[in-house]
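Undergrad: When you read off a place in the sequence shown, starting at 1, and then add 1348, the result is the number in our numbering. All C-beta atoms, glycine included, are put in the ideal place defined by N, C-alpha and C. Structure in structure tokens, see below.
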Amino acid sequence: MTQTVLVTGGAGFIGAYVTRRLLKEGMRVVVYDMQPRGNVLDLLMPDRESTRNAPILESGEITDGFRLLSLCRQHNVEAIVHLASPLTMDVVSNPATGIRDICLGTHTVFATAREARLKRVVWASSVAIFGTAADYPPGPLAEDAFHRPPNLYGAAKSLCETMARQMAETDGLDTIGLRLSVVYGAGRRRGYMTYPSALMRDAATTDAVVVRFGDQKLHWQYVEEVAGMALVALTAPQLGRGHVYNAFGDCRSWRDAAAILRSLKPELNIAIRDEIDEALAGTVEDYAAERFVRDFASTRQWPLEAGIKDTLDTYRTMAARTPAQL
Ligand SMILES: NC(=O)c1ccc[n+]([C@@H]2O[C@H](COP(=O)([O-])OP(=O)(O)OC[C@H]3O[C@@H](n4cnc5c(N)ncnc54)[C@H](O)[C@@H]3O)[C@@H](O)[C@H]2O)c1
1349 MTQTVLVTGG AGFIGAYVTR RLLKEGMRVV VYDMQPRGNV LDLLMPDRES TRNAPILESG
1409 EITDGFRLLS LCRQHNVEAI VHLASPLTMD VVSNPATGIR DICLGTHTVF ATAREARLKR
1469 VVWASSVAIF GTAADYPPGP LAEDAFHRPP NLYGAAKSLC ETMARQMAET DGLDTIGLRL
1529 SVVYGAGRRR GYMTYPSALM RDAATTDAVV VRFGDQKLHW QYVEEVAGMA LVALTAPQLG
1589 RGHVYNAFGD CRSWRDAAAI LRSLKPELNI AIRDEIDEAL AGTVEDYAAE RFVRDFASTR
1649 QWPLEAGIKD TLDTYRTMAA RTPAQL
């Protein structure tokens, strides 16, 4: 049966892929975004208006509860995927607005879902709620490990997790949170962690790239995998109200990424440096994952090799259509 889903931030990077995936599944999608046009959705789905099942685009602010509620009623929305949010650097450059849009924005979405009696809200938290590996005992980091956010962005997401838990208890609100790590893929333009995607864009469209951080590791998380997670989180019968998953990626080094690029494009000139990205120094490498792996097994199909290959292919397609916008 067709389900109507409102995707906040649905024209942004992850939102565009989520929107496309839900449409492919036959769902109706209402995109709610302060910039619904001239955004990643235009790059990913340039011909969407000519398709039978085009997303409905609505422009607005995430803290505007009246508008969200009236859109839910107008379009018979049954569930929300909430992705509209400032990113780390937005909160650094404008803390008051950043905290407001993350915390009040998420509260507005949760309260709208409660008032409109929606089935579920799927929303994006971040591994930035955690500190560095040195803050925790050795071994995999548990889902309920204490939060030690290194910055206001992580602290704001941490508060949202508390909201989700509390509204599950007091209102029975059904929310599923995904603590994402470093999401990459074609079209990513915003945020501090844009450079893994930019490396792949340059590998796809030029003859030479520089890989700066040699042996340093990060959790590479392909955006199609995240889109698959959003679908599972929306449609699975019962996952646990208010639960937030450690939805980590494939923990690999930049050198591994360089080797994959070389295997996919042997003629590419790759210079590897051994700089350290201080923002990711000491990052947690090992997350406790039994519950995530059990509930999201079907989405775990994107090791770094597959994700990089798909990203290069998608960038080439985008470059052929709209080179100036990459
Ligand atoms: N990209 C990552 O690596 C990553 C990692 C962890 C968590 N997340 C979370 O995933 C979600 C999506 O991230 P993304 O990478 O797609 O970001 P993005 O910036 O590409 O997309 C966010 C979208 O939200 C919209 N938006 C921002 N503020 C808004 C507001 N006040 N009102 C209405 N719309 C607004 C923007 O126009 C944009 O289209 C966010 O919640 C982010 O915190 C992302």
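Less than 6 Å between C-beta atoms, sequence neighbours within five positions excluded: which residues of the same chain meet that for D1622?
TA: G1562
Undergrad: With three or more beta-carbon pairs closer than 8 Å as the criterion, would you say the stretch 1562-1577 touches the stretch 1524-1538?
TA: Yes, the stretch 1562-1577 touches the stretch 1524-1538.
Undergrad: Between A1575, R1610, G1386, A1472, which lies nearest to K1558 when the distance is taken from Cα to Cα?
TA: Residue 1558 is actually Val in this sequence, not Lys. Considering only alpha carbons, the answer is R1610.
Undergrad: Looking only at its own chain, which residues have a Cβ that is under 8 Å from the Cβ of N1387, when we skip the five neighbours before and after it?
TA: A1359, G1360, A1364, D1381
Undergrad: Does the separation of the CB atoms of V1592 and L1489 fall below 8 Å?
TA: Judged by beta-carbon spacing, L1489 lies beyond the 8 Å limit of V1592, meaning their Cβ atoms are not closer than that value.
Undergrad: Based on Cα-Cα distance, which residue from T1367, A1432, A1459, T1445 lies nearest to T1473?
TA: Sequence check: residue 1473 is Ser here, not Thr. Selected option, being the one with the closest Cα: A1432.
Undergrad: Between the alpha carbons of I1362 and Q1514, how many angstroms are there, rounded?
TA: The C-alpha of I1362 lies about 26 Å from the C-alpha of Q1514.
Undergrad: Between which residues of its own chain and P1497 is the CB-CB distance below 7 Å, once the five residues before and five after are set aside?
TA: A1476, I1477, A1503, S1506
Undergrad: Report the rounded CA-to-CA distance for E1397 versus T1367, giving the unit in angstroms.
TA: 14 Å
Undergrad: Taking its Cβ as the centre, do 16 or more other Cβ atoms sit within 10 Å of R1308, making it buried, or is it exposed?
TA: Lying outside 1349 to 1674, the shown extent of the chain, residue 1308 is not represented and no answer is given.
Undergrad: What are the boundary residues of the beta strand (DSSP E) that includes G1525?
TA: 1523-1528
Undergrad: Could you pull out every residue in the same chain whose Cβ sits closer than 6 Å to the Cβ of R1589, ignoring the five residues on either side in sequence?
TA: A1516, D1522
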